[in-house]
Amino acid sequence: MTDAEFKTAFDEHKDAVYRFAWRMCASPAAAEDITQNVFVSLIRHPNRFDSARGTLRAFLMGIARNLALKHWRAEHRFESLDDESMVAEPVDLDRGQIGDIVGRAVRALPPLQREVAILVEYEGLTLAEVARAVDADVGTVKSRLHRARENLRRALAPLRSRQPTTT
Amino acid sequence: MDDQELNRLLREWRAPNAPPDLRPPRADTSRLRWLVSGSIRVPVPVAFAALVLLALWMSWPRLGPTPTQEASAPRRSGEIARYALTGALEGFDAVLLELNFQPGVSAPEHRHPGPIIGYVVDGQMRTAINHEPDQIVSAGGTFFEPHGALHTAFSSAKPDAPVHAVAVLVVPSGSPLTERAAARSAIPAQTQQAKPMPYEAVHKPDFVAASEATFLQDDDILLGVTSGNVAKAYPAADLAQHGAVSDTVPDGPISVTWCGVCNTGLVFRSEVKGRTLHFQYDRMVGANEVQKDLETGTSWQQATGEAIDGPLKGARLTLYPVVRTTWGEWRRRYPNTMVLKPLPGYAELMPSRSRRIKDITRVGPEGAPNGALTLDTRLPARETVAGLEVDRESVAFPFSELRRARVVNDRVGGLPIVVVHQPTSDTTTAFEARVNGKVLTFRPANDDASSVIDLETRSTWSAYGLCLEGPLKGTQLKQVILVPQFWFAWSQFHPGTRVFTAR
Chain A
-2 MTDAEFKTAF DEHKDAVYRF AWRMCASPAA AEDITQNVFV SLIRHPNRFD SARGTLRAFL
58 MGIARNLALK HWRAEHRFES LDDESMVAEP VDLDRGQIGD IVGRAVRALP PLQREVAILV
118 EYEGLTLAEV ARAVDADVGT VKSRLHRARE NLRRALAPLR SRQPTTT
Chain B
48 MDDQELNRLL REWRAPNAPP DLRPPRADTS RLRWLVSGSI RVPVPVAFAA LVLLALWMSW
108 PRLGPTPTQE ASAPRRSGEI ARYALTGALE GFDAVLLELN FQPGVSAPEH RHPGPIIGYV
168 VDGQMRTAIN HEPDQIVSAG GTFFEPHGAL HTAFSSAKPD APVHAVAVLV VPSGSPLTER
228 AAARSAIPAQ TQQAKPMPYE AVHKPDFVAA SEATFLQDDD ILLGVTSGNV AKAYPAADLA
288 QHGAVSDTVP DGPISVTWCG VCNTGLVFRS EVKGRTLHFQ YDRMVGANEV QKDLETGTSW
348 QQATGEAIDG PLKGARLTLY PVVRTTWGEW RRRYPNTMVL KPLPGYAELM PSRSRRIKDI
408 TRVGPEGAPN GALTLDTRLP ARETVAGLEV DRESVAFPFS ELRRARVVND RVGGLPIVVV
468 HQPTSDTTTA FEARVNGKVL TFRPANDDAS SVIDLETRST WSAYGLCLEG PLKGTQLKQV
528 ILVPQFWFAW SQFHPGTRVF TAR
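Line by line, the protein sequences are chains A and B. Heads up: the first sequence begins at -2 in the numbering used here, then just goes up one per residue. Heads up: the second sequence begins at 48 in the numbering used here, then just goes up one per residue.
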């Protein structure tokens, strides 16, 4: 990978990587660190990216997700990464704007559900790309996404009454 | 809460972009800085011993051979070691090979008498088997050829640098490591010299009349398209050398595509948002071609028609009705058909490509190709299936089952459909099995299912959905678009697909 190619890759993907990390970690400092480290990893080991196995974006998101999970583990040592039985609590309507409430609901998801939800809903990755990024098969990604959406539906239910009813 | 409302709520949560002061990292800075300012701890005895050794080495008279030119001469390719195997592999040798290719030098087409697995040490390797598109393997990457695969490209991928690789072969004891490609000796000398032509899309296709299509055999596979009074045939053996052909039919602009790795032939409407797109092979994803359009630079996955990155990401191309059939069957039906004329140099390569395409039951050791995303083991990886997707429900109709059933009445995505398979030409067609709101059930009317009968009105229909005889005479059923391809390709892009079995 030449310097110019690396620069292009950085310019093209830094925002997506940063947004993903920001959504995963709830901390701008951690998101900045993760973004830096993703690209350090790319420039040190450009050969680990194989375009036949998926897009560069999915590859970078894969690195970002590993770093985000590491960050999460450091803070939540004794929690499970994917608690299938997790049932989301309905959100508290008295705290902040709709966007903040939605953000809290997404961040309350177990990490393996959260990352899939963020990559699909916010970064527009295809299921195959997500599967590549989170190192799982497409079926697993689908079921995690399904659980994530069910949890979000439950968590965000109180917001329905806030919306103007459509006729 | 419905999906739409959930999606709307999710969109309310916005994330900031990376802060503008975030700069791209520089890989070398940390190491360079370490060279200047880094430190390591060394135990005193070790440091002392190292200094003594250094002093001894510097004062020692220089002995031994001086380096000769040989050391810098280009390394050759050849056998490094060979060991006889025992146990279950008794009678076989494991051979370690070193491969060195100077730029511009490539191996002639060949086969090995056993599987080979390789590792690229230095440089970039260009490799291809069985005339599939070239794969580029960089240093640190690996390549694999199953037993018997025809090695059609093997060279350095860089015009100015050699490639160095090591490989391990397992071969019958004492056998040579390579065999000349057997097929080549049977081909006239002129064709033996035929070089692979550039893998480029055709944007200004030429056509010839059926009588001039001397480059086709009756059992050659093609994609047939009809629009208004026009019938056009695109031979698969020619498409497989281009990836895509842009064309215009009375219905509008279309792109006729073929992926040689998946044996997938699809036709798309190439007009997207008022703009006619022209496609060109870009790369492989999931062992399926991704084509870039020249107008917007968007990348499109051939098997799904989905834009996977670029400005139109998320858009999907509309499938255009197509029939995959043989030249004999198509010409019988459309004597006035036009046929895509191969460009100079490409016609010579059609017979070998055609043999490869017709051999549609390449199951067994070949398995799924490199790069396939998933492996669904319900069917052999290269079993040909006719894929059908209606309203998110997908079904795979294996040719092996269709040859037995010939006519299948099914319901896919809530739609009653009939699939008709003519075993002689392996032509599969599918239609909505409904006329004026009434669902019809079909049975084959003859051995080849070239005509079928519906049980409700006892009308006779052609395999192409036209009622020939009976109360519904003259009615044309609505065509449903089937996509014949290898199972690994269909299953990886349609996880959760149902597989039809004839009872």
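Idealized CB from N, CA, C, for every residue including glycine. This one's a predicted model, so the numbers in the text were calculated from it and none came from an experiment.
Selection of the region 15 to 30 of chain A by Cβ proximity to chain B, strictly under 7 Å: Tyr15, Arg16, Trp19, Arg20, Glu29
How many Å lie between Ser447 of chain B and Gln349 of chain B at the Cα? Residue 447 of chain B sits at position 400 when you count from the first residue of the second sequence. Residue 349 of chain B sits at position 302 when you count from the first residue of the second sequence. Whole-angstrom Cα-Cα distance: 25 Å.
For Glu336 of chain B, which residues in the same chain have their Cβ closer than 7 Å to its Cβ, ignoring the five residues on either side in sequence? Taking the first residue of the second sequence as 1, we reach residue 336 of chain B at position 289. For Glu336 of chain B, where only same-chain residues beyond five positions count, the Cβ hits under 7 Å are Gly290, Cys306, Tyr328, Gln349.
Mind checking Lys67 of chain A: buried by the 16 CB within 10 Å criterion, or exposed? As a working note, residue 67 of chain A is residue 70 in the first sequence. Its Cβ having fewer than 16 others within 10 Å, Lys67 of chain A is exposed.
Roughly how many whole angstroms lie between the Cα atoms of His10 of chain A and Val437 of chain B? What you label residue 10 of chain A is simply residue 13 of the first sequence in a count that begins at 1. What you label residue 437 of chain B is simply residue 390 of the second sequence in a count that begins at 1. Taking the straight line from one Cα to the other gives about 35 Å.
Determine which residues of the region 179 to 191 of chain B have a Cβ less than 8 Å from any Cβ of chain A, and write them out in chain order. Gln182, Ser185, Ala186, Gly187, Gly188
Go ahead and label Asp294 of chain B buried or exposed: buried means 16 or more other beta carbons lie within 10 angstroms of its beta carbon, across all protein chains shown. The residue you call residue 294 of chain B lines up with position 247 of the second sequence. Looking at its Cβ environment, which holds 16 or more other Cβ atoms inside 10 Å, Asp294 of chain B is buried.
Have a look at Gly121 of chain A and His325 of chain B and give me their C-alpha separation to the nearest angstrom. The count along the first sequence starts at 1 and reaches residue 121 of chain A at position 124. The count along the second sequence starts at 1 and reaches residue 325 of chain B at position 278. Taking the straight line joining both Cα atoms gives about 25 Å.
The beta strand (DSSP E) spanning Arg316 of chain B covers which residue range? Residue mapping note: residue 316 of chain B aligns to position 269 of the second sequence, counting from 1. Per DSSP, Arg316 of chain B belongs to the beta strand (DSSP E) from 311 to 316.
For Asn64 of chain B and chain A, any beta-carbon pair shorter than 8 Å? On the second sequence, position 17 is the one that residue 64 of chain B refers to. At least one beta carbon of chain A lies nearer than 8 Å to the beta carbon of Asn64 of chain B.
Under 8 Å between C-beta atoms, does Leu57 of chain A make it to chain B? Numbered from its first residue, the first sequence carries residue 57 of chain A at position 60. By this cut-off, Leu57 of chain A is not an interface position.
Measuring straight from C-alpha to C-alpha, what distance separates Phe17 of chain A and His250 of chain B? Indexing the first sequence from 1 puts residue 17 of chain A at position 20. Indexing the second sequence from 1 puts residue 250 of chain B at position 203. Rounded to the nearest angstrom, the two C-alpha atoms are 40 Å apart.
Name, please, each residue of chain A whose Cβ falls closer than 8 Å to the Cβ of Pro72 of chain B. Taking the second sequence and counting its residues from 1, one reaches residue 72 of chain B at position 25. The contacting residues are Gln33, Phe36, Val37, Ile40.
Exposure label - Tyr281 of chain B; buried when at least 16 CB within 10 Å: Translated into the one-based positions of the second sequence, residue 281 of chain B becomes position 234. Answer is buried; the Cβ neighbour count reaches 16.
Between Arg151 of chain B and Trp374 of chain B, what straight-line distance do the alpha-carbon atoms span, to the nearest angstrom? Residue numbering aside, residue 151 of chain B sits at position 104 when the second sequence is read from its first letter. Residue numbering aside, residue 374 of chain B sits at position 327 when the second sequence is read from its first letter. Note on identity: in this sequence residue 151 of chain B is Gly, with Arg being the wrong assignment. Separation of Gly151 of chain B and Trp374 of chain B (C-alpha to C-alpha, rounded to the nearest whole angstrom) is 39 Å.
Among all the DSSP beta bridges, which residues are the ones paired with Val184 of chain B? Position 137 of the second sequence holds residue 184 of chain B. DSSP, once it has assigned bridges, lists B:Met172 as partnering Val184 of chain B.
Express the C-alpha separation of Tyr246 of chain B and Pro223 of chain B in angstroms, rounding to a whole number. For this step, residue 223 of chain B is matched to residue 176 along the second sequence. For this step, residue 246 of chain B is matched to residue 199 along the second sequence. Computed Cα separation, rounded: 33 Å.
Limits of the beta strand (DSSP E) - the one that Gly125 of chain B falls within: Residue 125 of chain B sits at position 78 when you count from the first residue of the second sequence. Gly125 of chain B -> beta strand (DSSP E) spans 125 to 131.
So which of B:Arg490, B:Glu503, B:His468 has the shortest CA-CA distance to Gly484 of chain B? To locate residue 484 of chain B, count along the second sequence from 1; it is residue 437. Distances from the CA of Gly484 of chain B to each of B:Arg490, B:Glu503, B:His468 were compared; the closest alpha carbon is that of B:Glu503.
What does Lys485 of chain B pair with, by DSSP beta-bridge criteria? Sequence index remark: in the second sequence, residue 485 of chain B carries index 438 (1-based). Per DSSP, B:Val482.
Does the beta-carbon of Glu179 of chain B have 16 or more other beta-carbons within 10 angstroms, so that it is buried, or is it exposed? Working through the second sequence from its first residue, we reach residue 179 of chain B at position 132. Counting of Cβ neighbours within 10 angstroms places Glu179 of chain B among the buried residues, the total reaching 16 or more.
Where Thr261 of chain B falls, given that 16 or more other Cβ within 10 Å makes a residue buried: In the second sequence, residue 261 of chain B corresponds to position 214, counting from 1. Thr261 of chain B should be labelled exposed.
Tell me which same chain residues have a C-beta within less than 6 Å of the C-beta of Ala549 of chain B, skipping the five on either side of it? As a position in the second sequence, residue 549 of chain B is number 502, starting the count at 1. Its chain contains Glu448, Arg451, Ala452 as the residues whose beta carbon lies nearer than 6 Å to that of Ala549 of chain B, once the 5 sequence neighbours on both sides are disregarded; these appear in chain order.
Near Arg425 of chain B, what residues of its chain come up, given a Cβ to Cβ distance below 6 Å and the 5 sequence neighbours on each side ignored? The residue given as residue 425 of chain B occupies position 378 in the second sequence. So the list reads Val546, once near-sequence residues are dropped.
Taking all protein chains shown into account, decide if Asp267 of chain B is buried (16 or more other Cβ within 10 angstroms of its Cβ) or exposed. Residue numbering aside, residue 267 of chain B sits at position 220 when the second sequence is read from its first letter. Asp267 of chain B should be labelled buried.
Any beta carbon from chain B within less than 8 Å of Thr52 of chain A's own beta carbon? Here residue 52 of chain A corresponds to residue number 55 of the first sequence, with the count starting at 1. With 8 Å as the cut-off, Thr52 of chain A counts as an interface residue toward chain B.
Counting only runs that start and end within the region 348 to 436 of chain B, where is the beta strand (DSSP E) found for 3 or more residues in a row? 353 to 356, 370 to 373, 385 to 387
Could you tell me which uninterrupted beta strand (DSSP E) segments, each at least 3 residues in length, are contained entirely in the region 252 to 328 of chain B, listed from first to last along the chain? Runs of the beta strand (DSSP E) inside the region 252 to 328 of chain B: 254 to 256, 268 to 274, 277 to 282, 291 to 296, 299 to 306, 311 to 316.
For Gln94 of chain A, the residue or residues it bridges with in DSSP: Walking along the first sequence from the start, residue 94 of chain A turns up at place 97. None; Gln94 of chain A has no bridge partner.
For a test of the three-state rule: what should DSSP assign to His143 of chain A, helix, strand or coil? Here the question's residue 143 of chain A lines up with position 146 in the first sequence. DSSP places His143 of chain A in helix when its eight states are reduced to three.
Quick one: does the C-beta of Glu59 of chain B sit closer than 7 Å to a heavy atom of the ligand FAD? The ligand FAD is not among the ligands present in this structure, which contains no ligands whatsoever.
Could you tell me whether any Cβ in chain B is nearer than 8 Å to the Cβ of Ala154 of chain A? Here residue 154 of chain A corresponds to residue number 157 of the first sequence, with the count starting at 1. It does; some Cβ of chain B falls within 8 Å.
Does the separation of the CB atoms of Ala477 of chain B and Leu515 of chain B fall below 8 Å? For the purposes of this step, residue 477 of chain B is taken as the residue at position 430 of the second sequence. For the purposes of this step, residue 515 of chain B is taken as the residue at position 468 of the second sequence. No. Outside cutoff.
Min CB distance Tyr166 of chain B to chain A below 8 Å: Locating residue 166 of chain B in the second sequence gives position 119, where the first residue counts as 1. Cβ-Cβ to chain A under 8 Å: no for Tyr166 of chain B.
What residues in its chain sit with their C-beta under 6 Å from that of Arg144 of chain A, if we drop five residues either side in the sequence? Against the first sequence, residue 144 of chain A aligns to sequence position 147. The answer, listed in chain order, is Gln110.
Let's see if you can read the secondary structure: which residues bound the alpha helix (DSSP H) around Thr5 of chain A? Against the first sequence, residue 5 of chain A aligns to sequence position 8. Per DSSP, Thr5 of chain A belongs to the alpha helix (DSSP H) from 0 to 22.
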